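**Q**
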Amino acid sequence: MLVCPIVGRHLPIFFSFMENKTNLLIRSKTVDSDGRRRFLRYAGFTAVTATTILAACENATMEPSTMGAGARVAADGSIDLGSGDVGILNYAYALEQLEYAFYVRVIATPYAGMNAMERMILTDIRNHEKVHRDFLRAALGGAAIPALNANFGAINFGDRNSVLTTARTFEDLGVSAYNGAGKLLSDGNNLSTAGKIVSVEARHAAVIRELISPFTASFAGDDVVTSDTALDVVNMPGTVLAAAQPFIVERITASNLPTM
Amino acid sequence: MNLQNLFNALENVDSEIYERVKHVSRRQLFSFGKKAALVAAPLAVASSLNKAYGQSMPDRTVEVLKFALLLEYLEDEFYRIGLNTAGLIPGSDRVIFQQISKHETAHVALLRTALGSAVEPKPTFDFTARGAFPTVFSNYDTFKTLAQAFEDTGVRAYKGQAPALMVNDPVLETALRIHSVEARHAARIRVLRGMKGWITGMEGFPGAVYSGDQATNEREINVPGISGLSSSVVSESFDEPLTKDQVLAIALPFVRL
Chain A
623 MLVCPIVGRH
633 LPIFFSFMEN
643 KTNLLIRSKT
653 VDSDGRRRFL
663 RYAGFTAVTA
673 TTILAACENA
683 TMEPSTMGAG
693 ARVAADGSID
703 LGSGDVGILN
713 YAYALEQLEY
723 AFYVRVIATP
733 YAGMNAMERM
743 ILTDIRNHEK
753 VHRDFLRAAL
763 GGAAIPALNA
773 NFGAINFGDR
783 NSVLTTARTF
793 EDLGVSAYNG
803 AGKLLSDGNN
813 LSTAGKIVSV
823 EARHAAVIRE
833 LISPFTASFA
843 GDDVVTSDTA
853 LDVVNMPGTV
863 LAAAQPFIVE
873 RITASNLPTM
Chain B
3 MNLQNLFNAL
13 ENVDSEIYER
23 VKHVSRRQLF
33 SFGKKAALVA
43 APLAVASSLN
53 KAYGQSMPDR
63 TVEVLKFALL
73 LEYLEDEFYR
83 IGLNTAGLIP
93 GSDRVIFQQI
103 SKHETAHVAL
113 LRTALGSAVE
123 PKPTFDFTAR
133 GAFPTVFSNY
143 DTFKTLAQAF
153 EDTGVRAYKG
163 QAPALMVNDP
173 VLETALRIHS
183 VEARHAARIR
193 VLRGMKGWIT
203 GMEGFPGAVY
213 SGDQATNERE
223 INVPGISGLS
233 SSVVSESFDE
243 PLTKDQVLAI
253 ALPFVRL
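As they're listed, the protein sequences go chains A and B.
Take the first sequence: its letter number 221 is residue 843 in my numbering, and every next letter is one higher.
Take the second sequence: its letter number 172 is residue 174 in my numbering, and every next letter is one higher.
1) Using the three-state DSSP reduction, which class does B:Arg258 fall into: helix, strand or coil?
2) For A:Phe837, does the three-state DSSP call read helix, strand or coil?
3) Under DSSP, the alpha helix (DSSP H) around B:Val130 begins and ends at which residues?
4) Got a sec: is the Cβ-Cβ distance from A:Asp854 to anything in chain B below 8 Å?
5) Please classify A:Pro836 as buried or exposed, where buried requires at least 16 other C-beta atoms within 10 Å of its C-beta.
6) Is A:Thr875 close to chain B? Criterion is C-beta to C-beta, closer than 8 Å.
7) Figure out for me which residue from A:Phe774, A:Asn773 and A:Gln719 has the closest Cα to the Cα of A:Arg748.
8) Please go through the region 59-89 of chain B and give each complete alpha helix (DSSP H) segment of 4 or more residues, from N-terminal end onward.
9) Would you check if the region 172-187 of chain B and the region 823-839 of chain A touch, i.e. whether three or more CB-CB distances between them fall below 8 Å?
10) Kindly indicate the opening and closing residues of the alpha helix (DSSP H) around B:Ile252.
11) Determine the chain A residues that contact B:Val169 at a beta-carbon separation under 8 Å, and present them in chain order.
12) Between A:Thr815 and chain B, is any beta-carbon pair separated by less than 8 Å?
13) Could you list the residues in the region 768-787 of chain A with a C-beta less than 8 Å from some C-beta on chain B, going in chain order?
14) By DSSP's criteria, A:Asp702 is part of a beta bridge. Which residues make up the other side?
15) Which residues of the region 814-847 of chain A have a Cβ closer than 7 Å to any Cβ of chain B? Give them in chain order.
16) DSSP three-state call for B:Asn224: helix, strand or coil?
17) Assuming contact is defined by CB atoms lying nearer than 8 Å, are B:Leu85 and B:Phe69 in contact in what I supplied?
18) Relative to the C-alpha of A:Tyr715, which residue among A:Thr731, A:Ala734, A:Asp698 and A:Gly692 is closest?
19) Starting from A:Asn749, find everything on chain B with Cβ-Cβ shorter than 7 Å and list it in chain order.
20) How should B:Pro255 be labelled, buried or exposed, when 16 other C-beta atoms within 10 angstroms of its C-beta is the threshold for buried?
21) Measure from the alpha carbon of B:Thr63 to the alpha carbon of each residue in B:Leu148, B:His109 and B:Pro165, then state which is nearest.
22) Three-state secondary structure (DSSP) at B:Ala111?
23) Using the beta-carbon of each residue, which ones in chain B are nearer than 9 Å to A:Phe757?
24) Would you mind listing the beta strand (DSSP E) stretches within the region 112-194 of chain B that are 3+ residues and don't spill past its ends, in chain order?
25) Using only the alpha-carbon positions, how far apart do A:Asn783 and B:Trp200 sit?
26) Since A:Glu872 and A:Gly796 should fall inside the 8 Å C-beta cutoff, what is the C-beta to C-beta distance between them, to a whole number of angstroms?
27) Given that a residue counts as buried once 16 or more other Cβ atoms are within 10 Å of its Cβ, and exposed if not, what is A:Ala799?
28) Helix, strand or coil for B:Asn219 per DSSP?
29) In this structure, does DSSP put A:Ile870 in helix, strand or coil?
30) How big is the Cα-Cα spacing for A:Ala866 and B:Leu90?
31) Tell me whether A:Ala772 sits in a helix, a strand or coil according to DSSP, three-state version.
32) Which one of B:Leu244, B:Ser213 and B:Val157 has the shortest CA to CA distance from B:Gly203?
33) Measuring only the C-alpha atoms, how far is A:Tyr733 from A:Phe841?
34) What residues of chain A sit near B:Phe161, judged by a beta carbon separation below 8 Å?
35) Which term fits B:Gly196, buried or exposed, when burial requires 16 or more other beta carbons within 10 angstroms of its beta carbon?
36) Does B:Pro92 pass the burial test, meaning 16 or more other C-beta atoms within 10 Å, or should it be called exposed?
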């Protein structure tokens, strides 16, 4: 049973306990009498007033979701991704936020010797990550985690190698995350959505790797693609978040994510 | 060269094609008139193969794996012939195609193992697509064009089948891990051809491979609207799936029936 939590300081959190009626990614099995998947209409943030927040909150306590609960900000400021498909999509949203913030810095403070081709590629990737971030935020609606703050202190943005190897790490990490999360999703439409994004991340990874090691096998190198079965890198959320956490100011918790 | 040429190339197809298409009556096919029947052949073959695979093995997972194996057979043989054709691939580029070829060979082996006794033998391929690409192994540009088409098709094909594999987590994960490898391949070949690694709108050839990839509405959300970015950028940001029939319509002209 969902219980209305204490109102947090971040606006999006207001919506996180509105049952699952503010996002597109969740079906409610309670209305699924015929067993078929149904999707609830997206209601934009702007349409939601304080009154409806309260109304929906009451509603939430009457209609517990079986598809997962939205994000929570704990008293210590840590952010829980939520549960079910919502939790997995928040996990993706967190990673896309991180990637976008990184490429914003890369373009704003270009490394020494960045040529026109590199600038075009990195600008394209920045834009794609913004699209992914904005799309996931809109799709998650009220269940989304708040905006995260990045910590890029370990990256030397003036140095080509530092930037590109970090980009490679983020892209490969993203590929591994989506590859591992697919089986954790319970709804086919959410899986399809993730699938549309992961192959673009893989394209990024290949192109970044090509910038680092041109005309080699690195674009799909044996360090990420198994040599015997030719399967790409895969990681579960715990591993991915441990790798991503040093770059994120807020502590992310994933204890409610599905594990199988 | 466009898709219509591919279909027209099927006019050279011999009558054997209909013998192999056991789920489509010959009378039905010919009742359209010869020309119409031949143009319609790819889709008829596609849906017929689809049924043939599905009926013998009710397990949808097996069906998807057989479909994937057909595409991997195609890619594997394509690169093997390319690498073994003297003078086709410049020395500087061989490392790229060797890596891709290694992966496709591994995918074939993996899928064959997964299918076990349900495995289908490799069909005979015609990489000219019945004359549509006569220079496939003599002109490097043609070879690269088809390599890109096969990889981008592979990405879209696996993507389209993923939801059907949700009943089997290990198979789903395996398919996703092949899917992203194909995307790495596709990106590298696109860059080799002087293109972006990602697909702007429907940029690529043949057109059927990129049909619908220009989409910018996702899950009822107008993504250019919420992101403030152009339709071109948004289309690059999402790779769209293809249905099995769409993929078979692309692939079957390369299968000698």
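Quick reminder that beta carbons are idealized off the backbone N, C-alpha and C, glycines included.
Since the structure is predicted, the reported quantities are computational estimates derived from the model, not experimental observations.
**A** The structure says:
1) Within the second sequence, the letter at position 256 stands for residue 258 of chain B. Residue state, collapsed to three classes: strand.
2) Walking along the first sequence from the start, residue 837 of chain A turns up at place 215. A:Phe837: coil per DSSP, three-state reduction.
3) Translated into positions along the second sequence, residue 130 of chain B becomes position 128. The sequence given here has Thr at residue 130 of chain B, not Val. That residue, B:Thr130, is in no alpha helix (DSSP H); it is neither H nor E in DSSP.
4) Here residue 854 of chain A refers to the residue found at position 232 of the first sequence. For A:Asp854, the answer is yes, since a Cβ of chain B falls inside 8 Å of its Cβ.
5) In the first sequence, counting from the first residue as 1, residue 836 of chain A sits at position 214. So A:Pro836 counts as exposed.
6) Position 253 of the first sequence, counted from the first residue, corresponds to residue 875 of chain A. Cβ-Cβ to chain B under 8 Å: no for A:Thr875.
7) One-based indexing of the first sequence puts residue 748 of chain A at position 126. For A:Arg748, the nearest C-alpha among the options comes from A:Gln719.
8) 62-86
9) yes
10) Along the second sequence, read from residue 1 onward, the residue named residue 252 of chain B stands at position 250. Segment Lys246 to Ala253, the alpha helix (DSSP H) holding B:Ile252.
11) Against the second sequence, residue 169 of chain B aligns to sequence position 167. Near B:Val169 there are no residues of chain A at all, since even the closest Cβ is about 11 Å away, more than 8 Å.
12) Along the first sequence, one-based indexing puts residue 815 of chain A at 193. By this cut-off, A:Thr815 is an interface position.
13) none
14) Position 80 of the first sequence holds residue 702 of chain A. Answer is A:Arg694 and A:Thr875, bridged to A:Asp702.
15) Ser814, Thr815, Gly817, Lys818, Ile819, Val820, Ser821, Val822, Ala824, Arg825, Ala827, Ala828, Val829, Glu832, Phe837, Thr838, Ala839, Phe841, Ala842 and Val847
16) Numbered from its first residue, the second sequence carries residue 224 of chain B at position 222. Here B:Asn224 sits in strand by DSSP.
17) Translated into the one-based positions of the second sequence, residue 85 of chain B becomes position 83. Translated into the one-based positions of the second sequence, residue 69 of chain B becomes position 67. Contact: no.
18) As a working note, residue 715 of chain A is residue 93 in the first sequence. Nearest C-alpha to A:Tyr715: A:Gly692.
19) As a position in the first sequence, residue 749 of chain A is number 127, starting the count at 1. The answer, in chain order, is Leu231 and Val235.
20) As a working mapping, residue 255 of chain B is identified with position 253 in the second sequence. By the neighbour-count rule (16 or more Cβ atoms within 10 Å), B:Pro255 is buried.
21) As a first step, residue 63 of chain B is located in the second sequence; it is residue number 61 there, counting from the start. Among B:Leu148, B:His109 and B:Pro165, the Cα nearest to that of B:Thr63 is on B:Pro165.
22) Looking up residue 111 of chain B in the second sequence gives position 109. B:Ala111: helix per DSSP, three-state reduction.
23) Stepping through the first sequence from its first residue, residue 757 of chain A is reached at position 135. Result: Glu220, Arg221, Ile223, Val225, Ile228, Ser229, Val236, Ser239 and Phe240.
24) none
25) To locate residue 783 of chain A, count along the first sequence from 1; it is residue 161. To locate residue 200 of chain B, count along the second sequence from 1; it is residue 198. Their backbone Cα atoms lie some 23 Å apart in a straight line.
26) The sequence position of residue 872 of chain A within the first sequence is 250, counting from 1. The sequence position of residue 796 of chain A within the first sequence is 174, counting from 1. 19 Å between Cβ atoms; not a contact.
27) To locate residue 799 of chain A, count along the first sequence from 1; it is residue 177. It counts as buried.
28) Position 217 of the second sequence holds residue 219 of chain B. Strand at B:Asn219.
29) The residue given as residue 870 of chain A occupies position 248 in the first sequence. Note: A:Ile870 maps to strand in three-state DSSP.
30) On the first sequence, residue 866 of chain A is found 244 positions in, with the first residue counted as 1. On the second sequence, residue 90 of chain B is found 88 positions in, with the first residue counted as 1. Cα-Cα distance, rounded: 43 Å.
31) As a working mapping, residue 772 of chain A is identified with position 150 in the first sequence. Note: A:Ala772 maps to strand in three-state DSSP.
32) If you number the second sequence from 1, residue 203 of chain B lands on position 201. Taking only the C-alpha atoms, the option nearest B:Gly203 is B:Ser213.
33) The residue labelled residue 733 of chain A in the question sits at position 111 within the first sequence. The residue labelled residue 841 of chain A in the question sits at position 219 within the first sequence. A:Tyr733 and A:Phe841: Cα-Cα distance of roughly 22 Å.
34) On the second sequence, position 159 is the one that residue 161 of chain B refers to. Per the sequence shown, residue 161 of chain B should be read as Lys rather than Phe. Within 8 Å Cβ-Cβ: Ser814, Gly817, Lys818 and Ser821.
35) Here residue 196 of chain B is taken as the residue at index 194 of the second sequence, counted from 1. Burial call: exposed.
36) As a position in the second sequence, residue 92 of chain B is number 90, starting the count at 1. The residue is exposed, with fewer than 16 neighbouring Cβ atoms inside 10 Å.
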